[in-house]
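Below is one structure, written out as structure tokens; the observations come after it.
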Amino acid sequence: MSKAFTKEADGGDDDELALPPLPAGGKNYITPVGYARLRDELFDLIDNERPKMVDVVHWAASNGDRSENGDYLYGKKRLREIDRRIRFLTKRLEIAEVVDPSLHAGSDQVFFGATVTYRDDEDVERTITIMGIDEADSRESQVSWISPVARALLKARVGDEVQLPTPGGARNLEVMEVRYPQPRTA
18 MSKAFTKEAD GGDDDELALP PLPAGGKNYI TPVGYARLRD ELFDLIDNER PKMVDVVHWA
78 ASNGDRSENG DYLYGKKRLR EIDRRIRFLT KRLEIAEVVD PSLHAGSDQV FFGATVTYRD
138 DEDVERTITI MGIDEADSRE SQVSWISPVA RALLKARVGD EVQLPTPGGA RNLEVMEVRY
198 PQPRTA
């Protein structure tokens with residue numbers, strides 16, 4: 018039978034699969050900027066995106082036969098996606114623990130929120146920022162605080178050498194520089 022005649026899976030309540038796991042007993046650390054970004058996305062979905070999609074679904078439903086109504090079927094699917102994202106964001110914000118990295122400004126020790134420049138065994142320098150799980154973006158060199166490289170660097174100081182366990186064996190990383198955002202002035 019053609020795929021066109023099979024019922025598309027609803028996806029059910031797969032929200033738990035979408036939540037990146039926290040380490041046992043771990044916290045969902047997040048920067049104030051990251052928290053605000055997630056909160057703003059949640060409010061936008063609730064106040065703007067969802068009401069628009071409800072209107073589209075209502076309009077499409079009033080056009081008659083729903084079984085072959087593309088606008089209705091797409092609208093319902095999109096509404097499920099929006100609701101799933103709302104549940105995800107709500108759960109993440111409920112368990113978030115906001116940590117202001119600017120409190121460590123001037124420190125040479127690596128903590129959550131630090132921007133760290135390190136040199137590896139091959140004399141290659143890299144700069145990363147240690148962020149929350151929901152903020153990490155490898156394209157921006159932002160790594161999660163639970164990533165192996167972040168765990169290796171946490172609590173190290175400028176000049177320290179730390180070992181990063183890798184499948185090919187441990188690699189040495191030398192901490193070259195540690196920076197934090199400056200505290201905001203009121």
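Using the numbering used here, read the sequence shown as starting at 18 and increasing by one per residue. Ideal Cβ positions, reconstructed from N, Cα and C, are used throughout, including at glycine.
With fewer than three CB-CB distances shorter than 8 Å, the segment 89-96 does not count as touching the segment 132-139. Under the three-pair Cβ rule at 8 Å, the segment 101-111 does not count as touching the segment 153-171. Going by DSSP, Arg109 is part of the alpha helix (DSSP H) stretching over 87-112. CA-CA distance, Leu96 to Glu152, rounds to 25 Å. Annotation: Arg156 is outside any alpha helix (DSSP H) and is labelled neither H nor E by DSSP.
Burial state of Ile145 is buried, judged by a 10 Å Cβ sphere holding 16 or more other Cβ atoms.
Here Leu170 is near Val192, since their CB atoms are less than 8 Å apart. In the DSSP assignment, Leu190 forms a beta bridge with Val179.
In this structure Arg201 does not touch Ser79 by the C-beta definition: roughly 50 Å separates them, more than the 8 Å allowed.
Under the DSSP definition of a beta bridge, Gln199 lacks any partner. DSSP places Val133 in the strand class (E or B) of the three-state scheme. By the neighbour-count criterion, in which 16 or more other beta carbons inside 10 Å mark a residue as buried, Ile112 falls on the exposed side.
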